[in-house]
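I have placed the structure first, in the form of structure tokens, so that the comments after it can refer back to it.
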Amino acid sequence: MIEPSVIGEENARREAALRADYEALGTRLARDGIDIEAVKAKVAAFGIAVPSWAAGTGGTRFARFPGPGEPRDVFDKIDDCGVVHQLTGATPAISLHIPWDRAAPEDLLAKAKENDLVFDAVNSNTFQDHADLPLSFRYGSLSHTDKAVRDQAVAHNIECIELGRRIGSKALSIWVGDGSNFPGQANFTRQLDRYLDSAREIYAALPDDWRVFIEHKMYEPAFYSTVVQDWGTSYLIARELGDKAQCLVDLGHHAPNVNIEMIVARLIRFGKLAGFHFNDSKYGDDDLDAGVIDPYRLFLVFNELIEAEGAPGFDPACMLDESHNVTDPLESMMASATEVVRAYAQALLVDRTALLAHQEANDALMASETLKRGFRTDVEPILAQARLEKGAAIDPLATFRACGYRARIGRERPAVSGAGGGIV
Ligand code: RM4
Ligand code: MN
Ligand code: MN
């Protein structure tokens, strides 16, 4: 982790300016009847999980360009995510992907504790072959035509639940690459029925206090059809399975221009919103950093979440899911987590009474302006003040660059080869 004194010195240089900005914003918000302290308290309590796989440089189908200090194993990833949390104060949980992160539960717990982290949802992986499994997932996993492959995929998911149970996770995220590349290759109905049969077996293995998150994705790696292609199929699956099954919305898994905030509202309405994989996209599953392309969409998603806040059983899991190809992955995670918190804070500022009145009066323009007033507010002083009070950094990126962590792990961890494509 980073020497707390470094964070202290960096903060000391920025504290006076932050105090002035925070006071000015407090005065402005008070005119709108908003108590800045109450907003800050909510922001401080908000946490986002980070994916272990985002600590390393991602890759495309074409290449991967690793940088210095790439994590060598899950323990390095946990160390890196610990630094992200130390500086942002916003990422208290890490989500593991099996088999990439398979390790002894007691060692995982000890490493997480060292870094002040807990474990979020555990992710199964049946979109690639496993060195220790005899059968191939080339033609699918939970929906494969061969029962033996389906059984292998189910067993892997149950192994993930077992590991997750021992490290304190409370959910299993299932995303499968199953689908087809040619019209006629797969019978849509039979394929879905096979998926459902397998998913029921996994569901039956869930502990009482667990949920299973069904993640849809329109295409890739299958390019003609995907078994769980959209939120409609995801919803139908979750409904077939039962109350513990909910739908996970990865922002990159939709066609361009799809109204994601509306999907969120629909899933909330029927008690089926599991949570999110936050990222941003321009064309497809680009896995770009959250908020870099369309911060307004991120804000609109949070607007729906705040609208639903306090409803019984409403507990969306918020996680990043990104692939960092040209940036320092830890800097990207810090910036992304900050963007997610920013969207939350901006959405908290929306005057919901006024919004409802404009909606009822069919005043489209003023309804839109009411939302925009929240979105246009620079909430950075609230975010920074919340971080300062937690002992995190007023400016996480500048502090990260000043602290020398990347150079240190670059020396400690031998360089890895850049050959080959792929996400891992
Ligand atoms: C998929 C999907 C899953 C993630 C993998 C690595 O596109 O987003 O959530 O686990 O990528
Ligand atoms: Mn995802
Ligand atoms: Mn994805």
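When we follow the working numbering, the leftmost residue of the sequence shown carries the number 1, and every step to the right adds one. By construction, the Cβ of each residue, glycine as well, lies at the ideal position given by its N, Cα and C atoms.
Is any heavy atom of ligand 3 found at a distance shorter than 6 angstroms from the C-beta of aspartate 289? Translated into positions along the sequence shown, residue 289 becomes position 289. Incorrect: aspartate 289 has no Cβ contact closer than 6 angstroms to ligand 3.
Helix, strand or coil at histidine 324 according to DSSP, with G and I counted as helix = By 1-based counting over the sequence shown, the position of residue 324 is 324. Note: histidine 324 maps to coil in three-state DSSP.
Cβ neighbours of valine 227 in the same chain (closer than 7 angstroms, five flanking residues each side left out)
The residue given as residue 227 occupies position 227 in the sequence shown. Closer than 7 angstroms at Cβ, skipping near neighbours: Ser143, Val176, Asp178, Gly179, Gln191, Leu192, Tyr195.
**Request:** Can you have a look at methionine 366 and say buried or exposed, based on whether 16 or more other CB atoms are within 10 angstroms of its CB?
**Result:** Position 366 of the sequence shown, counting from 1, holds the residue named residue 366. That one is exposed.
key: Cα-Cα separation between glutamine 185 and aspartate 146, rounded to whole angstroms   = The count along the sequence shown starts at 1 and reaches residue 185 at position 185. The count along the sequence shown starts at 1 and reaches residue 146 at position 146. Taking the straight line joining both Cα atoms gives about 15 angstroms.
field: Helix, strand or coil at asparagine 11 according to DSSP, with G and I counted as helix
entry: For the purposes of this step, residue 11 is taken as residue 11 along the sequence shown, with counting starting at 1. Of the three classes helix, strand and coil, the one that applies to asparagine 11 here is helix, per DSSP.
Check your understanding: With methionine 319 and histidine 277 assumed to form a contact (beta carbons below 8 angstroms), what rounded beta-carbon distance in angstroms separates them?
Key -> Taking the first residue of the sequence shown as position 1, residue 319 is located at position 319. Taking the first residue of the sequence shown as position 1, residue 277 is located at position 277. Yes, methionine 319 and histidine 277 are in contact; Cβ-Cβ is about 6 angstroms, under 8 angstroms.
Can you tell me which of the three DSSP states glutamine 385 falls into? In the sequence shown, counting from the first residue as 1, residue 385 sits at position 385. In this structure, glutamine 385 counts as helix in the three-state DSSP scheme.
- request: Tell me, please, whether the region 371-379 touches the region 57-66 by the rule of three or more beta-carbon pairs shorter than 8 angstroms.
  value: no
Does the distance from the C-beta atom of phenylalanine 119 to that of isoleucine 174 stay below 7 angstroms?
Within the sequence shown, the letter at position 119 stands for residue 119. Within the sequence shown, the letter at position 174 stands for residue 174. Cβ distance not < 7 angstroms, so phenylalanine 119 and isoleucine 174 don't count as in contact.
- Query: CB-CB under 6 angstroms to alanine 345, same chain, minus the five flanking residues each way: which ones, in chain order?
  - Reply: The count along the sequence shown starts at 1 and reaches residue 345 at position 345. Excluding sequence neighbours, alanine 345 sits near Val43, Val379, Ile382.
Worksheet entry | Runs of beta strand (DSSP E) wholly within the region 142-223 (minimum 3 residues, chain order) | 171-174, 211-215
Next on the checklist: Here's a check: name, in chain order, each residue in its chain whose Cβ is nearer than 6 angstroms to the Cβ of glycine 89, leaving out the five neighbours to either side.
Outcome noted: As a working mapping, residue 89 is identified with position 89 in the sequence shown. Contacts found: Arg387, Lys390, Ala392.
(message) What residue range does the beta strand (DSSP E) around leucine 273 cover?
(response) Here the question's residue 273 lines up with position 273 in the sequence shown. Counting along the chain, the beta strand (DSSP E) containing leucine 273 begins and ends at 273-278.
Distance cut-off 6 angstroms: aspartate 286 Cβ against heavy atoms of ligand 2: Sequence index remark: in the sequence shown, residue 286 carries index 286 (1-based). Result no, Cβ not under 6 angstroms from ligand 2.
* So is the beta-carbon of aspartate 178 under 6 angstroms away from any non-hydrogen atom of ligand 1? -> In the sequence shown, counting from the first residue as 1, residue 178 sits at position 178. Checking the Cβ of aspartate 178 against ligand 1 gives no.
- prompt: Is phenylalanine 127 helix, strand or coil by DSSP?
  reply: As a first step, residue 127 is located in the sequence shown; it is residue number 127 there, counting from the start. In the structure shown, phenylalanine 127 sits in coil (DSSP, three-state: anything other than H, G, I, E or B).
- Message: I'd like to confirm something about tryptophan 100: is its beta-carbon nearer than 6 angstroms to some heavy atom of ligand 1, or not?
- Response: Position 100 of the sequence shown, counted from the first residue, corresponds to residue 100. Not under cutoff, so the answer is no.
Who are the near neighbours of leucine 355 in its chain, counting only those whose CB is closer than 8 angstroms to its CB and skipping five residues on each side?
In the sequence shown, residue 355 corresponds to position 355, counting from 1. Excluding positions up to five away in sequence, the list reads Ala367, Thr370, Leu371.
Query raised in the report: Taking C-alpha atoms, which residue in Ala415, Ser234, Glu331, Pro99 lies nearest to tyrosine 405?
Result: Counting from one through the sequence shown, the residue named residue 405 turns up at place 405. For the residues Ala415, Ser234, Glu331, Pro99, the minimum Cα distance to tyrosine 405 belongs to Glu331.
Open item on the list: Strictly under 7 angstroms for the Cβ-Cβ distance: is alanine 121 near chain C by that measure?
Closed with: Annotation note: the requested chain C is absent from the structure, which comprises a single protein chain.
_Pop quiz: phenylalanine 213 and alanine 155 are said to be a contact at Cβ under 8 angstroms. What is the actual Cβ separation, rounded to whole angstroms?_
For this step, residue 213 is matched to residue 213 along the sequence shown. For this step, residue 155 is matched to residue 155 along the sequence shown. Contact flag wrong, Cβ pair sits at about 19 angstroms.
Within 5 angstroms of ligand 2: residues by beta-carbon to any heavy atom: Asp250, His277, Asp321
Any idea what DSSP makes of glycine 420, helix, strand or coil? Reading the sequence shown from its first residue, position 420 is the one you call residue 420. Bear in mind that a pLDDT of 49 at glycine 420, under 50, signals an unreliable position, so the number given afterwards is only what the model happens to contain. Coil, per DSSP.
Practice item. Return the residue from the list Asp208, Gln229, Arg376 that minimises the CA-CA distance to histidine 254. Key: Your numbering for residue 254 matches position 254 in the sequence shown. Out of Asp208, Gln229, Arg376, Gln229 has the C-alpha closest to the C-alpha of histidine 254.
Q: Identify, in the order they occur along the chain, each residue of the same chain with its Cβ nearer than 7 angstroms to the Cβ of proline 183, setting aside the five sequence neighbours on each side.
A: Position 183 of the sequence shown holds residue 183. Closer than 7 angstroms at Cβ, skipping near neighbours: Tyr224.
### Message
Rounded to whole angstroms, what is the Cα-Cα separation between isoleucine 105 and leucine 163?
### Response
The count along the sequence shown starts at 1 and reaches residue 105 at position 105. The count along the sequence shown starts at 1 and reaches residue 163 at position 163. The amino acid at residue 105 is misidentified as isoleucine; the sequence shows proline. Near 7 angstroms, if we compare the C-alpha coordinates of leucine 163 and proline 105.
Pair every Cβ in the region 406-416 with every Cβ in the region 63-72, then say whether three or more of these pairs are closer than 8 angstroms.
-> yes
The alpha helix (DSSP H) with alanine 347 in it runs from where to where? Locating residue 347 in the sequence shown gives position 347, where the first residue counts as 1. Looking at the DSSP string, the run of the alpha helix (DSSP H) that includes alanine 347 is 329-348.
| heavy atom of ligand 1 below 6 angstroms from asparagine 123 C-beta | Along the sequence shown, one-based indexing puts residue 123 at 123. Yes; taking the cut-off as 6 angstroms, the Cβ of asparagine 123 has a heavy atom of ligand 1 nearer than that.
Exercise for the section: Figure out for me which residue from Asp80, Glu37, Ala30, Leu29 has the closest Cα to the Cα of proline 51. Expected result: Position 51 of the sequence shown, counting from 1, holds the residue named residue 51. When only C-alpha atoms are compared, the closest one is Asp80.
query = In or out: alanine 38 buried (at least 16 other Cβ within 10 Å) or exposed?
reply = Looking up residue 38 in the sequence shown gives position 38. Alanine 38 comes out exposed.
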